[in-house]
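Report on the structure given below.
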């Protein structure tokens, strides 16, 4: 077994690539777009995934990588990071609130209607070019049916800081994915088992507006 790489918290702006790169522990795969790029809104198509970690998982190495990327961009003194003055709701005093968004989200708060996000911390990663995708034996996976949302994987990612039109934060670029084991599919499942057989009355019709189209029904 290879020795675990230890990331160092960097205090200066001299940041090595390896100080921002990490191979994650195993997580549950969600919203995978790994074989075909997908465009969101007016952005260019990207390959992407969402990583669901249990709150008990040790993701400290990922947090260090994100911290190092922020230090490289804005320096070690968080007081110098982009911020704005706000009035504290608790004390009524004027305080500085950072505008830098870190890429870690609480599934219980951000996705309360999705059971698979319960008890998780999740983060996202994307890339412009197809990521490396391999199985347990490091053999390339080319059949997209062999990897789905709900499977357990780990990923190679690198943190980077951004400053885009007044939006400040840290995100992750996706380098590669390794499947660890198959998991229960997320989102959908076998809907056929949800229905009983019904007797069909051929005289029954569905009444719809005369201008309705197929897209209005489905």
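Numbering (this note's numbering), first residue to last: 9 to 226.
C-beta: ideal position from N, C-alpha, C; glycine also.
Delimiting residues of the alpha helix (DSSP H) encompassing residue 69: Under the DSSP assignment, residue 69 falls in the alpha helix (DSSP H) whose first and last residues are 68-82.
Which class does residue 172 belong to by DSSP, given the choice of helix, strand or coil? In this structure, residue 172 counts as strand in the three-state DSSP scheme.
Member of 89, 73, 125, 102 whose CA lies at the smallest distance from the CA of residue 230: No statement about residue 230 is possible, as the shown extent of the chain runs from 9 to 226 and does not include it.
Of all the beta strand (DSSP E) runs that stay within the bounds of the stretch 88-168, which reach a length of 3 or more residues? Counting only runs that start and end inside the stretch 88-168, the beta strand (DSSP E) elements of at least 3 residues fall at 91-95, 102-106, 128-135, 140-142.
Please determine, among 133, 78, 139, 93, the residue with the shortest C-alpha to C-alpha distance to residue 109. Residue 78 is the option with its Cα nearest to residue 109.
Apply the 10 Å Cβ neighbour rule to residue 201 and answer buried if 16 or more other Cβ atoms are within range, or exposed otherwise. Caution applies to residue 201, whose pLDDT of 46 falls short of 50 and renders its modelled position unreliable; the model cannot decide the point.
Inspect the beta-carbon positions of residue 163 and residue 191 and report whether they are closer than 8 Å. Result no, Cβ atoms of residue 163 and residue 191 do not sit closer than 8 Å.
On the CB-based measure, 16 or more other CB atoms within 10 Å of its CB, does residue 139 come out buried or exposed? A buried status is given to residue 139, since no fewer than 16 other beta-carbon atoms sit within 10 Å of its beta-carbon.
Check whether the Cβ atoms of residue 176 and residue 167 lie closer than 8 Å to each other. Result no, Cβ atoms of residue 176 and residue 167 do not sit closer than 8 Å.
From the DSSP output, read off the bridge partner residues of residue 37. 59.
Among 98, 46, 71, 65, which has the Cα closest to the Cα of residue 15? The shortest C-alpha separation from residue 15 is found at 71.
Looking at the structure shown, is residue 27 part of a helix, part of a strand, or coil, going by DSSP? Reduced to three states, the DSSP call for residue 27 is helix.
Nearest to residue 46 (by Cα), restricted to the options 193, 29, 137: Out of 193, 29, 137, 137 has the C-alpha closest to the C-alpha of residue 46.
Can you list, in chain order, the residues of its chain whose CB lies under 8 Å from that of residue 41, leaving out five sequence neighbours each side? Closer than 8 Å at Cβ, skipping near neighbours: 54, 55, 56, 57.
How would you call residue 73, buried or exposed, if buried means at least 16 neighbouring beta carbons within 10 angstroms? Per the 10 Å Cβ criterion, buried.
According to DSSP, is residue 18 part of a helix, a strand, or is it coil? If DSSP states are grouped into helix, strand and coil, residue 18 belongs with coil.
Between the C-alpha atoms of residue 88 and residue 169, what's the straight-line distance to the nearest angstrom? Cα-Cα distance, rounded: 15 Å.
Determine the contact status of residue 122 and residue 105, defining contact as a CB-CB distance below 8 Å. It is not a contact, given that the beta carbons lie outside the stated cut-off.
Since residue 165 and residue 30 are thought to touch, with beta carbons under 8 Å apart, how far apart are those beta carbons, to the nearest angstrom? Under the criterion of beta carbons closer than 8 Å, residue 165 and residue 30 qualify as touching, at roughly 6 Å.
Less than 7 Å between C-beta atoms, sequence neighbours within five positions excluded: which residues of the same chain meet that for residue 152? These residues qualify, in order along the chain: 43.
How many angstroms separate the CA atom of residue 21 from the CA atom of residue 84? For residue 21 and residue 84, the distance between alpha carbons rounds to 8 Å.
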